[in-house]
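The numbering of the sequence shown is numbering that gives the first Met the number 0, which starts it at 0 and goes up by one. Structure record follows, encoded as structure tokens.
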Amino acid sequence: MALTLQLHNTLTDKIEPFVPRVAGHAAVYVCGITPYDHCHMGHARTLVAFDILRRWMVNCGLDVNYIQNVTDIDDKIIKRAKEKKQPPLELSAHFDKLSREDMASLDIIPPNHMPKISEHIPQTLELIAKIIANKHAYATKSGVYFDISSFPNYGKLSRQDLANIKAGARIEINEDKRNPEDFALWKLEESEGATYDSPWGRGRPGWHIECSAMSLHYTAGHPLDLHGGARDLIFPHHENEIAQSEGAGVKPFSRHWVHTGFLTVNGEKMAKSLGNFITIREALKKWDGQTIRLFFALTHYRSPIDFSESALNSAKNTLDNVRRSLTMMEGEGAQAPDAAAERSLTASVDGHIISFASFMNSDIDTPQALAELIEASKMVARARAEHKCSRAVLESNSKKVADAFSILGLSVAAAPAAPSLANPRLAPETIEQLLAAREAARKNKDYAAADEIRKKLAAAGVLIEDSKEGVKWRYV
0 MALTLQLHNT
10 LTDKIEPFVP
20 RVAGHAAVYV
30 CGITPYDHCH
40 MGHARTLVAF
50 DILRRWMVNC
60 GLDVNYIQNV
70 TDIDDKIIKR
80 AKEKKQPPLE
90 LSAHFDKLSR
100 EDMASLDIIP
110 PNHMPKISEH
120 IPQTLELIAK
130 IIANKHAYAT
140 KSGVYFDISS
150 FPNYGKLSRQ
160 DLANIKAGAR
170 IEINEDKRNP
180 EDFALWKLEE
190 SEGATYDSPW
200 GRGRPGWHIE
210 CSAMSLHYTA
220 GHPLDLHGGA
230 RDLIFPHHEN
240 EIAQSEGAGV
250 KPFSRHWVHT
260 GFLTVNGEKM
270 AKSLGNFITI
280 REALKKWDGQ
290 TIRLFFALTH
300 YRSPIDFSES
310 ALNSAKNTLD
320 NVRRSLTMME
330 GEGAQAPDAA
340 AERSLTASVD
350 GHIISFASFM
360 NSDIDTPQAL
370 AELIEASKMV
380 ARARAEHKCS
390 RAVLESNSKK
400 VADAFSILGL
410 SVAAAPAAPS
420 LANPRLAPET
430 IEQLLAAREA
440 ARKNKDYAAA
450 DEIRKKLAAA
460 GVLIEDSKEG
470 VKWRYV
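Right under this line is the structure:
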């Protein structure tokens, strides 16, 4: 299969063909979590977006080496550990475990490699030594710093003029530095439980160096095909990664750079520092992981999304409608099918799936791609209602649409659920009695009672659908 994927490249600010260094293989690195607290929905937005990108790459025939780091040594972790009076790595291990559970709840495929900086100190020291040998870094009494004046292309990712760059977030200002904007590769400081020996003295890695050290370790020193993260990492983090990696001789550090837009609350970035965040665990109390995935996918990955309960409820309704459209009921399907109607349905569904693939190849345009699949599901629902297609044709087209949704990590097919001792399957006669009671309640305009019966049936694994021919049901 010819690779036709086009992706926006932050480095050039253009949508370009994604061309891996080695045909058929893609080395992808995504900045992961700093586990000092529960993950919030802003983290989820970024990681779901890259999970969808990864899934599409695999669908396109690529063997993807997906690497996502864990920053388990960090200023925030050390500060929080002191507050809680526990070792830093114990605290970060706890929240790392919880973050992995959160990602599983969102049906995010685990990375091929999920390295922790605490477990890759030798690789980090080796990389720093190379940078020093290439005269791009220097040691002082407070640490080892990258000399940004030695790197003429500094600022090429964020398109900032070096003369105008100010010391910003996580840029350490220290009188030992040659330039205020030089950044730490190794910090000479004692932090109990997070300090290591080095040729320059005991200390710990700077924030930026870890991603270069670990990504290059898991690509055997070769450049990345794609580096990703949220757009707030463009400067200084990703800018510094380029400088130190290319300063060590790896050019280009990454062939493609991809960044996601923010999740906002009332137009402001969701962040712990602003106190306007909702954790993934809090969100999962109200909505399931599939609804949250769809909520994110309904907006292009580079655009901001404003968090709201109404938007998530709308995503849930959309998911429910698609599932109803694609779920076959007992006895459904024409006994004497209309061949023309069957050909028309199949051609229409196939056309929407082709368009879906085209939009995915166009910078992972999930909003448009989903619109195609949602319309295809409606066509299947209309064909079911018209009773002109055989059950086999309806099921075949329903499966094609469901399979396309599954590429995005969205499950819309009704999977048979085996009965258990805790949740035994209702007998057909019991179901019919409940449906009769529901119909009586509806005639008496007791809609609350009718809804309770529907919920009871759903909890027992019975899906019902009202139609002109009466109420249809099936086990799911």
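Backbone N, C-alpha and C fix where the C-beta goes; we use that ideal spot for every residue, glycine too.
Cross-strand partners of Y137 (DSSP beta bridge): For the purposes of this step, residue 137 is taken as the residue at position 138 of the sequence shown. According to DSSP, which records beta bridges pairwise, Y137 is partnered with Y144.
Between the CA atoms of I130 and N320 - distance to the nearest angstrom: By one-based count along the sequence shown, residue 320 stands at place 321. By one-based count along the sequence shown, residue 130 stands at place 131. Looking at the two C-alpha atoms, the distance is approximately 56 Å.
Nearest-angstrom Cβ-Cβ length linking A333 and K387, presumed shorter than 8 Å: Within the sequence shown, numbered from 1, the residue matching residue 333 stands at position 334. Within the sequence shown, numbered from 1, the residue matching residue 387 stands at position 388. A333 to K387, Cβ: 6 Å. Contact.
Among L215, N316 and V257, the one whose alpha carbon lies nearest that of D231: Taking the first residue of the sequence shown as position 1, residue 231 is located at position 232. Of the candidates L215, N316 and V257, the one whose C-alpha sits nearest the C-alpha of D231 is V257.
Chain-order list of residues whose beta-carbon lies under 7 Å from that of N133 (same chain, five-residue window excluded): The residue labelled residue 133 in the question sits at position 134 within the sequence shown. So the list reads G246, A247 and G248, once near-sequence residues are dropped.
Among L372, P109, F17 and D101, nearest to I406 - alpha-carbon criterion: Reading the sequence shown from its first residue, position 407 is the one you call residue 406. Closest by alpha carbon: L372.
Close-in-space but distant-in-sequence residues of the same chain around D106 (CB under 6 Å, 5 per side omitted): As a working mapping, residue 106 is identified with position 107 in the sequence shown. G288 and G408, listed in sequence order.
For R473, three-class secondary structure by DSSP: On the sequence shown, residue 473 is found 474 positions in, with the first residue counted as 1. It is a strand residue.
Residue from L10, H39 and H24 whose Cα sits closest to the Cα of S272: Here residue 272 refers to the residue found at position 273 of the sequence shown. Answer by Cα proximity: H39.
Sequence-distant residues of the same chain with beta carbon closer than 7 Å to L425, five excluded per side: On the sequence shown, position 426 is the one that residue 425 refers to. Counting only Cβ-Cβ distances below 7 Å, and skipping sequence neighbours, we find A459 and V461.
Cα-Cα separation between P19 and V27, rounded to whole angstroms: In the sequence shown, counting from the first residue as 1, residue 19 sits at position 20. In the sequence shown, counting from the first residue as 1, residue 27 sits at position 28. P19 and V27: Cα-Cα distance of roughly 10 Å.
Reduced DSSP secondary structure (H/G/I, E/B, other) of I277: As a working note, residue 277 is residue 278 in the sequence shown. Residue state, collapsed to three classes: coil.
Cβ neighbours of R169 in the same chain (closer than 6 Å, five flanking residues each side left out): Mapped onto the sequence shown, residue 169 falls at position 170. Low local confidence applies: a pLDDT of 45 at R169 is under 50, so the model's placement there is unreliable, with the coordinate-based value given in what follows. Only W206 meet the Cβ criterion.
Neighbour-count burial assignment, H119, 16 or more Cβ in a 10 Å radius: Here residue 119 is taken as the residue at index 120 of the sequence shown, counted from 1. Buried: at least 16 other Cβ atoms inside 10 Å.
Three-state secondary structure assigned by DSSP to W55: Taking the sequence shown and counting its residues from 1, the one referred to as residue 55 is at position 56. DSSP places W55 in helix when its eight states are reduced to three.
Pair within 8 Å by beta-carbon distance, G200 and L187: For the purposes of this step, residue 200 is identified with residue 201 of the sequence shown, where counting begins at 1. For the purposes of this step, residue 187 is identified with residue 188 of the sequence shown, where counting begins at 1. Cβ atoms of G200 and L187: closer than 8 Å.
Proximity below 8 Å, CB of G227 to CB of V29: Translated into positions along the sequence shown, residue 227 becomes position 228. Translated into positions along the sequence shown, residue 29 becomes position 30. Their beta carbons are under 8 Å apart, which means G227 touches V29 by this criterion.
Check whether A370 and M359 have beta carbons under 8 Å apart: By 1-based counting over the sequence shown, the position of residue 370 is 371. By 1-based counting over the sequence shown, the position of residue 359 is 360. It is not a contact, given that the beta carbons lie outside the stated cut-off.
Candidates D305, S253 and P204: closest to A270 by CA position: For the purposes of this step, residue 270 is identified with residue 271 of the sequence shown, where counting begins at 1. When each option's Cα is compared against that of A270, the closest is D305.
F295 and V47 closer than 8 Å at C-beta: The residue you call residue 295 lines up with position 296 of the sequence shown. The residue you call residue 47 lines up with position 48 of the sequence shown. Taking 8 Å as the Cβ cut-off, F295 and V47 qualify as a contacting pair.
Alpha carbon of D181 to alpha carbon of R254, nearest angstrom: Residue mapping note: residue 181 aligns to position 182 of the sequence shown, counting from 1. Residue mapping note: residue 254 aligns to position 255 of the sequence shown, counting from 1. Approximately 25 Å between the Cα atoms of the pair.
Beta-carbon contacts of A25 that lie in its chain and below 6 Å, excluding the five residues immediately before and after: Against the sequence shown, residue 25 aligns to sequence position 26. Cβ within range, chain order: P19, M56, L61, V63 and D224.
Alpha-carbon spacing of I279 relative to A103, whole angstroms: Within the sequence shown, the letter at position 280 stands for residue 279. Within the sequence shown, the letter at position 104 stands for residue 103. Roughly 11 Å separates the two Cα atoms.
Of the listed residues I352, R323 and G154, nearest to D402 (C-alpha basis): As a working note, residue 402 is residue 403 in the sequence shown. When only C-alpha atoms are compared, the closest one is I352.
Strand pairing of Y195, partner residues [DSSP]: Here residue 195 is taken as the residue at index 196 of the sequence shown, counted from 1. Answer is G202, bridged to Y195.
Outcome for M95 when other beta-carbon atoms lying within 10 angstroms are tallied against a minimum of 16: Translated into positions along the sequence shown, residue 95 becomes position 96. Inspection of the sequence shows that residue 95 is occupied by Asp rather than by Met. Buried.
Assigned secondary structure, T365 (DSSP; H/G/I helix, E/B strand, else coil): Against the sequence shown, residue 365 aligns to sequence position 366. Three-state result, T365: helix.
Buried versus exposed, by CB contacts within 10 Å (16 or more), S376: Looking up residue 376 in the sequence shown gives position 377. So S376 counts as buried.
Nearest-angstrom Cα separation, counted from S354 out to L88: Within the sequence shown, residue 88 is the residue found at index 89, counting from 1. Within the sequence shown, residue 354 is the residue found at index 355, counting from 1. Distance between the alpha carbons of L88 and S354: 48 Å.
Element boundaries [alpha helix (DSSP H), containing G246]: Counted from its first residue, the sequence shown places residue 246 at position 247. Per DSSP, G246 belongs to the alpha helix (DSSP H) from E238 to G246.
Among T9, Q243 and R301, the one whose alpha carbon lies nearest that of E125: Sequence index remark: in the sequence shown, residue 125 carries index 126 (1-based). Comparing Cα-Cα distances from E125 to each of T9, Q243 and R301, the minimum goes to Q243.
Collapsed DSSP secondary structure at G154 in the structure displayed: Numbered from 1 along the sequence shown, position 155 holds the residue referred to as residue 154. Reduced to three states, the DSSP call for G154 is coil.
Alpha-carbon spacing of P16 relative to S361, whole angstroms: Taking the sequence shown and counting its residues from 1, the one referred to as residue 16 is at position 17. Taking the sequence shown and counting its residues from 1, the one referred to as residue 361 is at position 362. One C-alpha to the other measures close to 9 Å.
Residue ranges of each beta strand (DSSP E) within the region 2-67, 3 or longer: 5-8, 13-16 and 24-32
Cβ-based burial, S211 [other Cβ within 10 Å; buried from 16]: As a first step, residue 211 must be located in the sequence shown, where it is residue number 212. Buried.
Buried/exposed call for E240, threshold 16 Cβ in 10 Å: Within the sequence shown, numbered from 1, the residue matching residue 240 stands at position 241. Result: buried.
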